[in-house]
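Student:
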Amino acid sequence: MAFWFLSALLIAGFLSKSNLGEAQLSDEAALLAIHRELSVPGWSSNGTDYCNWVRLKCGGANNSFVEMLDLSGLHLKGNATLISDLRSLKHLDLSGNSFTGPVPASFGDLSELEFLDLSLNRFVGRIPVEFGSLRGLKSLNVSNNLLVGEIPDELMVLERLEEFQVSGNGLNGTIPQWIGNLSNLRVFTAYENELVGEIPKGLGLVSELELLNLHSNKLEGKIPKGVFEKGKLKVLVLTQNRFTGEIPEEVGICSSLSSVRIGNNELVGAIPRTIGNVSGLTYFEADNNSLSGEIVGEFSKCSNLTLLNLAANGFAGAIPAELGKLMSLQELILSGNSLFGEVPKTFLGLGNLNKLDLSNNRLNGTIPKELCSMPRLQYLLLDQNSIRGDIPHEIGNCVKLLELQLGRNYLTGTIPSEIGRLRSLQIALNLSFNHLHGSLPSELGRLDKLVSLDVSNNMLTGSIPQQLKGMMSLFEVNFSNNLLSGPVPVFVPFQKSPNSSFSGNKELCGAPLSSSCGYSYEHLRYNHRVSYRIVLAVIGSGVAVFVSVSVVVLLFMMREKQEKAAAKNVDVEDNIEDEQPEIIAGSVFIENLKQGIDLDAVVKATMKETNKLSTGTFSSVYKAVMPSGMVVSVKKLKSMDRAITNHQNKMIRELERLSKLCHDHLVTPIGFVIYEDVALLLHQHLPNGNLAQLIHESAKKSEYQPDWPMRLSIAVGVAEGLAFLHHVAIIHLDVSSSNVLLDSGYKPVLGEIEISKLLDPSRGTASISSVAGSFGYIPPEYAYTMQVTAPGNV
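When we follow the numbering used here, the leftmost residue of the sequence shown carries the number 6, and every step to the right adds one.
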């Protein structure tokens with residue numbers, strides 16, 4: 006008996022060593038195959054021990070099984086399926102690469118896996134149902150891919166899951182109810198998808214939940230009070246959805262909360278006073294809702310608060326002076342409400358405040374002289390209020406200001422020369438629509454970083470100082486509707502500005518205005534130095550008198566004729582204004598442009614054929630000059646596309662999403678207007694036309710001939726813009742030279758990007774009933790498939 010027992014032990018040991026050897030050979034062979042496929046930096050096939058290779062760790066028996074593989078951030082391409090041959094893996098990180106195609110279902114065979122991160126790739130298709138086999142999984146991250154479909158119910162068995170992240174895809178359907186059964190869940194993020202329905206009430210039963218991020222979906226219903234009741238929630242992000250109802254009183258129970266972002270919803274009611282119980286709160290954002298009542302002073306108990314954003318609501322009353330106790334506060338944004346009273350003096354002690362935005366309210370009083378005692382203030386926005394008095398000379402002490410907005414108030418006095426000390430000013434200086442008088446201080450010329458200057462609609466006198474040529478970064482100016490006189494200084498930003506930027510100053514002359522200054526400014530000083538011209542002037546005085554009288558008579562005759570013509574034009578314009586249709590809906594997406602864009606002026610501009618710039622496959626483009634002097638391009642959709650106005654909400658949400666796209670070679674919408682059955686889309690105005698015009702002009706005039714480096718740069722820029730569109734699942738319906746626009750430096754930007762989304766906002770690729778493409782070229786597959794795809798685009 007002892008003999009047989011000893012024999013069995015020997016055989017078992019032999020088999021164990023045999024299996025161990027096979028496993029070692031299997032892992033080594035798998036790693037070599039992975040290296041041949043992906044070319045992993047730092048790996049070698051020269052016979053070194055694979056357990057010493059970078060980005061992996063071995064464990065198990067004899068420390069010979071690959072248990073951790075981290076290939077994150079290497080921009081790898083190729084077949085990732087081979088990795089599933091490493092059967093002992095517990096930790097697999099493939100984030101930040103360029104893997105494409107479906108997510109390998111074979112990863113579901115890695116039964117030991119506890120951590121799986123596939124984020125920041127280009128995987129397509131659905132989340133594999135095979136992942137339901139990974140019973141030991143604690144962290145699953147498939148964010149920022151191109152995945153579609155619903156969250157599969159097969160994952161409900163992953164009871165050990167602590168982190169579940171599916172953000173930045175195209176997932177649809179509802180949030181599964183079984184999410185509330187994952188008792189160990191700490192992190193759940195599903196933002197930037199197409200999810201609908203309500204937040205499962207069971208999610209409030211997850212006692213360990215610390216982070217819930219669902220922003221930019223189509224979720225609705227009320228915010229479940231249960232998510233606050235367990236008391237461990239730290240971060241709640243629900244922005245850009247359709248949530249209704251009031252903010253739950255239970256928010257005050259959750260003492261661990263540090264960040265609450267619930268802006269851009271349809272919430273109503275007052276902010277619960279229990280918010281003061283959340284002592285660790287650092288970030289509270291509830292802008293663009295329909296909240297009302299007063300701003301509660303209980304916020305002052307949140308001593309760690311760094312940002313408070315309650316903009317674009319219906320709050321009324323005075324700004325609580327208690328907010329001045331928030332010594333950690335860095336941004337206070339209360340714009341777009343109905344707040345009244347003065348700027349609280351208690352704010353002057355907020356030493357960390359970086360941004361103070363109280364614009365578009367009903368504030369009165371004066372600008373405190375001590376306002377610049379806040380040493381870190383960079384953004385001061387007090388425009389669109391009823392503030393009176395002078396601009397204090399102490400404003401020059403706000404030396405870190407990047408933006409100063411004081412327009413549309415009742416400010417009086419002169420523009421203080423101390424503003425010239427704000428050398429950091431970059432974004433904008435806006436003093437428009439006040440009652441300022443006196444001359445423009447020459448010290449403004451020291452603001453060499455400033456991009457936008459607006460002093461329009463005041464009572465400023467004198468000339469535009471030559472020193473303003475020192476404003477080398479200036480891009481947008483508006484001196485209109487003042488009492489300025491003399492010549493406009495010869496300065497490129499001035500000459501490139503539209504006439505409207507200088508109009509309304511009767512005695513102002515020179516380019517870009519049509520009125521010439523003649524010899525009165527440039528030549529008189531020279532005449533003083535040249536005596537023989539005085540002699541000639543005396544000799545010719547008789548002739549000069551005769552000519553002068555003749556000119557005066559002619560001028561009177563011409564003026565009478567012009568006044569008659571102008572009267573006719575006024576009658577015509579009055580008729581146009583009388584017939585101007587009522588705007589149904591309209592908005593400007595870019596916050597800094599809202600003040601400068603007049604939607605009525607946009608509609609009016611599209612009714613004049615003289616403003617038409619071009620006609621494309623889907624739209625006509627007009628140039629619109631705003632009363633503020635800003636110039637925008639307006640795209641008027643043709644009648645074939647007006648059916649989209651029946652789905653306004655879808656169109657508006659798509660335009661808002663497209664406006665957030667950020668790429669150097671794309672023209673994104675900045676706003677829209679809808680009236681009757683007409684849709685107008687607003688874009689940045691680009692001065693150099695389109696590529697078709699450039700090519701056409703180059704064939705006629707040699708000075709317009711683009712060289713080969715320019716042609717290559719344009720081609721590469723268009724390709725980059727198109728590649729980006731395909732990456733975010735947008736198909737361009739008309740890639741043609743007429744839709745390649747050129748900015749002031751001839752950098753190409755691709756227009757018409759919103760058309761495919763507006764034809765059918767629910768899909769990333771468009772299926773249309775008429776053949777897409779330009780008249781010059783139509784991809785053959787469009788004609789017989791009627792389906793617009795990325796390959797056809799290219």
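In this text, a Cβ means the ideal position worked out from N, Cα and C, and glycines have one as well.
Go through the segment 441 to 514 residue by residue and report every complete run of the beta strand (DSSP E) that reaches 3 residues or more, in order.
Tutor: 442 to 444, 457 to 459, 464 to 467, 481 to 483, 488 to 492, 512 to 514
Student: Around the C-beta of Glu800, are 16 or more other C-beta atoms found within 10 angstroms, so that it is buried, or is it exposed?
Tutor: No information on residue 800 is available, as it lies outside the stretch 6 to 799 that the chain covers here.
Student: What three-state label does DSSP hand Cys403 in the structure shown?
Tutor: Look at Cys403 here: in three-state DSSP terms it is coil, with no helix or strand label.
Student: Might you give, ordered along the chain, the residues of its own chain that have their beta carbon closer than 6 Å to the beta carbon of Arg5, omitting 5 neighbours on each side?
Tutor: With the chain represented from 6 up to 799, any question about residue 5 goes unanswered, as that position is not in the structure.
Student: Counting Cβ pairs closer than 8 Å, one from the segment 64 to 80 and one from the segment 96 to 114, do we hit at least three?
Tutor: yes
Student: What does the alpha-carbon distance come out to for the pair Lys617 and Ala629?
Tutor: 9 Å
Student: Over the uninterrupted alpha helix (DSSP H) stretch that includes Leu99, give me the two end residues.
Tutor: Counting along the chain, Leu99 falls outside any alpha helix (DSSP H), and DSSP gives it neither H nor E.
Student: Applying the criterion that 16 or more other CB atoms from any shown protein chain within 10 Å of the CB defines a buried residue, is Ser521 buried or exposed?
Tutor: Ser521 should be labelled exposed.
Student: Keeping to the same chain, check which residues put their C-beta closer than 8 Å to that of Ser638; ignore five residues upstream and five downstream.
Tutor: Leu618, Val626, Tyr627, Lys628, Ala629, Leu687, His688, Gln689, His690, Leu691
Student: Is the Cβ-Cβ distance between Ser305 and Leu272 less than 8 Å?
Tutor: no
Student: Under a Cβ-count criterion, where at least 16 other Cβ atoms within 10 Å of its own Cβ denotes burial, should His220 be classed as buried or exposed?
Tutor: buried
Student: Looking at the secondary structure, which residues open and close the beta strand (DSSP E) in which Glu290 lies?
Tutor: Counting along the chain, the beta strand (DSSP E) containing Glu290 begins and ends at 288 to 290.
Student: Using the C-alpha atoms, what's the distance from Leu465 back to Cys514?
Tutor: 16 Å
Student: Near Asp362, which residues of its chain fall below 6 Å by C-beta distance, leaving aside the five closest residues on each side in sequence?
Tutor: Ile338, Ser340, Leu386
Student: So, are the CB atoms of Glu203 and Glu225 less than 8 Å apart?
Tutor: yes
Student: So what does DSSP say about Tyr627, is it helix, strand or coil?
Tutor: strand
Student: Would you mind sorting Met477 into buried or exposed? The rule is 16 or more other CB atoms within 10 Å of its CB.
Tutor: exposed
Student: So, for Leu666: in the same chain, excluding its five sequence neighbours on each side, which residues have a beta-carbon less than 6 Å away from its beta-carbon?
Tutor: Thr673
Student: Is the segment 205 to 216 close to the segment 152 to 166, with three or more CB pairs under 8 Å?
Tutor: no
Student: Using the three-state DSSP reduction, which class does Met635 fall into: helix, strand or coil?
Tutor: coil
Student: Less than 8 Å between CB atoms is the rule here; does Glu659 satisfy it with respect to chain B?
Tutor: Given the protein chain composition of this structure (a single chain), no chain B is represented.
Student: Give, in chain order, every unbroken run of the beta strand (DSSP E) that is at least 3 residues long and sits entirely within the segment 286 to 371.
Tutor: 288 to 290, 312 to 314, 321 to 323, 336 to 338, 343 to 346, 360 to 362
Student: Have a look at Pro766 and Ile657 and give me their C-alpha separation to the nearest angstrom.
Tutor: At Pro766, the pLDDT of 37 sits below 50, so the modelled position is not reliable and the matter cannot be decided from this model.
Student: How many Å lie between Gly154 and Asn146 at the Cα?
Tutor: 16 Å
Student: I need the straight-line Cα distance from Ser461 to Asn486, nearest angstrom please.
Tutor: One Cα belongs to Ser461, the other to Asn486, and the distance between them is close to 6 Å.
Student: Are the CB atoms of Ile396 and Ile420 nearer to each other than 8 Å?
Tutor: yes
Student: Between Leu368, Gly475, Gly113, which lies nearest to Arg428 when the distance is taken from Cα to Cα?
Tutor: Gly475
Student: Express the C-alpha separation of Val348 and Val800 in angstroms, rounding to a whole number.
Tutor: Here the chain covers residues 6 to 799 and nothing more, so residue 800 does not appear.
Student: For Leu353 and Gln471, I'd like the C-alpha separation in whole angstroms.
Tutor: Taking the straight line from one Cα to the other gives about 37 Å.
Student: Determine the extent of the beta strand (DSSP E) in which Val153 is found, giving its start and end residues.
Tutor: Segment 151 to 154, the beta strand (DSSP E) holding Val153.
Student: What are the boundary residues of the alpha helix (DSSP H) that Leu604 is part of?
Tutor: 604 to 610
Student: Runs of 4 residues minimum, wholly inside the segment 117 to 171: which ones carry the alpha helix (DSSP H) assignment?
Tutor: none
Student: Is the segment 720 to 734 touching the segment 599 to 617, taking contact as three or more C-beta pairs under 8 Å?
Tutor: Between the segment 720 to 734 and the segment 599 to 617 there are fewer than three C-beta pairs closer than 8 Å, too few to call the two in contact.
Student: By how many angstroms is the C-alpha of Ser138 removed from the C-alpha of Asn744?
Tutor: 50 Å
Student: Spatial neighbours of Val482 within its chain, please: CB distance less than 8 Å, with the 5 preceding and 5 following residues excluded, ordered by chain position.
Tutor: For Val482, the CB contacts under 8 Å within the same chain, skipping 5 residues up- and downstream, are Ser457, Leu458, Asp459, Pro498, Phe499, Ser502, Ser506, Gly634 in chain order.
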